[in-house]
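Q: Attaching a single structure in structure tokens format; questions to follow.
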Amino acid sequence: MNQASDLPLWAALLIAIFLLIGAGLTLIGSFGLYRLRSFYDRIHAPTLGTSWGTAGIVIASIVYFSVVESRLILHHLLIGAFVTVTTPVTLILLSRAALYRDRAENGPDIPLLEPPNNPSEVSSTEKESADSHNNTHTIEK
Amino acid sequence: MSRLFPYPLLVVSLVITWLMLAGFSLNQFLLGLITALIAALGLAALSPVKPRFRRWDLLPKLFAIVFYDIVRSNIAVAGIILHGGKRIGKSSFMAIPLDLRDPTGLAILAVIITSTPGTAWIDYNSTRSILILHIFDLVDKTAWLNLIKNRYEYLLREIFE
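Quick look at the structure:
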């Protein structure tokens, strides 16, 4: 870490900017996770950390080590790649578990397991529009 | 050839990963190649679905679009959180019928949707092909439908189907 003071100004600025962007977004994401109220709102906040939060820190670390060691160092990119590829696994697992539980408990504003098929729940016009190609029907209560 | 070398894409990416971690040299290349080939044979025993890229040339376009959208939505979601969760729209579920059937395409769509802050992939019903999303700041449903259908799904179908 002694080399940090020998960095050229442009590199120091670039590293500082990306490090601040990455750390800042991760902090905001964690803050959102703490502040937001519903589970489904909360799963949006940490994605700040897994997208540009990670990217900012990875870019800063690539620039730092490339300048310090005077050669292009790219293996930090793998961190970004693996974080991006593995996030959906846990996120979908969590959200499906939450959805399963909310459906079982008949929570408010929860999309049904199946869009209603039986005529008692849906009028024929709604059914027709649901069959048209660009149907968007969110199932709201 | 295809029996000895069943997953070329996997082998190439494993060798590149190996070289990035271990340093670029001929020795490491050979060691990485042997490891990758054994790994590919191991994967072949599981016989997963093989991804089929029909339009390689569209991949950079997809990456550029997704990159731009991730930057934009990072700023949007960070803004909402900093304003104490106040937003123009409301957070809501949205059901989207998909025409994309290719498993690799769907996996990439899942990565795109989850790594874009503001949208979360909640559930996908493979028999009915209905995707349920959760949108953090839903103002205009048709705009989101357009985004998923025309911006991402269209490109993914071009690439994989």
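Protein chains in written order, with the UniProt record's numbering: chain A, 1 to 141; chain B, 1 to 161. C-beta: ideal position from N, C-alpha, C; glycine also. Note that the structure is predicted; figures quoted are calculated from it, not measured.
(1) If you count every other CB in all the chains shown that lies within 10 Å of the CB of D99/B, and 16 or more means buried, which is it?
(2) Helix, strand or coil for A12/A per DSSP?
(3) Could you give the first and the last residue of the continuous beta strand (DSSP E) run that contains Y100/A?
(4) L82/B versus chain A: which residues are under 7 Å apart at the beta carbon?
(5) What separation, rounded to the nearest whole angstrom, lies between the Cα atoms of D106/B and V49/B?
(6) Tell me whether G42/B is buried or exposed, calling it buried when 16 or more other Cβ atoms sit within 10 Å of its Cβ.
(7) Specify the secondary structure class of I43/A as computed by DSSP and reduced to three states.
(8) Just to confirm my understanding: we take T26/A, look at its own chain, exclude 5 residues before and 5 after, and list those with CB closer than 6 Å. What are they?
(9) Select from G56/A, L36/A and R37/A the residue whose C-alpha is nearest the C-alpha of I17/A.
(10) May I ask you to report which of helix, strand or coil DSSP gives I17/A?
(11) Compile a chain-ordered list of the residues in the segment 33 to 51 of chain A whose CB is closer than 8 Å to at least one CB of chain B.
(12) Nearest to L33/B by CA position, among A44/B, R55/B, P8/B and S73/B, is which residue?
(13) Excluding the five sequence neighbours on either side, which residues of its own chain have a C-beta within less than 6 Å of the C-beta of I113/B, listed in chain order?
(14) Strictly under 8 Å for the Cβ-Cβ distance: is P51/B near chain A by that measure?
(15) Applying a beta-carbon distance threshold of less than 8 Å, which residues of chain B neighbour L91/A?
(16) For L138/B, which residues in the same chain have their Cβ closer than 8 Å to its Cβ, ignoring the five residues on either side in sequence?
(17) Answer yes or no: does any C-beta atom of chain A fall closer than 8 Å to that of T35/B?
(18) DSSP on K86/B, reduced to helix/strand/coil?
(19) With 8 Å as the limit, tell me which residues of the segment 85 to 110 of chain A have their beta carbon closer than that to any beta carbon of chain B; keep them in chain order.
(20) Does R37/A pass the burial test, meaning 16 or more other C-beta atoms within 10 Å, or should it be called exposed?
(21) Do V58/A and L74/A count as a contact pair if the criterion is CB distance below 8 Å?
(22) When we look at the beta-carbon of T47/A and count the other beta-carbons within 10 Å, is it buried (16 or more) or exposed?
(23) Starting from the C-beta of A44/B, find all residues in its chain whose C-beta is less than 6 Å away, skip the five residues before and the five after it, and write them out in chain order.
(24) In whole angstroms, give me the CA-to-CA distance for S129/B and Y100/A.
(25) With DSSP as the reference, identify every bridge partner of A95/B, one or two as the case may be.
(26) Using a Cβ-Cβ distance under 8 Å, would L20/A count as near chain B?
A: On the basis of the data shown:
(1) exposed
(2) Looking at A12/A - three-state DSSP - the assignment turns out to be helix.
(3) Not the beta strand (DSSP E): Y100/A falls in the alpha helix (DSSP H), residues H76 to A104.
(4) I28
(5) According to the sequence as given, residue 106/B is Leu; it is not Asp. Using only the alpha carbons, I get a separation of about 13 Å.
(6) exposed
(7) coil
(8) G49 and G53
(9) G56/A
(10) DSSP places I17/A in helix when its eight states are reduced to three.
(11) R35, L36, R37, S38, Y40, D41, I43, H44, A45, T47, L48, T50 and S51
(12) P8/B
(13) T119 and W121
(14) Not one beta carbon of chain A lies nearer than 8 Å to the beta carbon of P51/B.
(15) Those are T114, A120 and W121, listed as they occur along chain B.
(16) G89, K90, S91, S92, M94 and W144
(17) Chain A contact via Cβ: absent.
(18) coil
(19) V85, T87, P88, L91, I92, S95, R96, L99, D109 and I110
(20) Flag for R37/A reads exposed.
(21) No.
(22) buried
(23) So the list reads P6, once near-sequence residues are dropped.
(24) When the Cα atoms are used, S129/B and Y100/A turn out to be separated by approximately 18 Å.
(25) Per DSSP, the beta bridge partners of A95/B are I132/B.
(26) no
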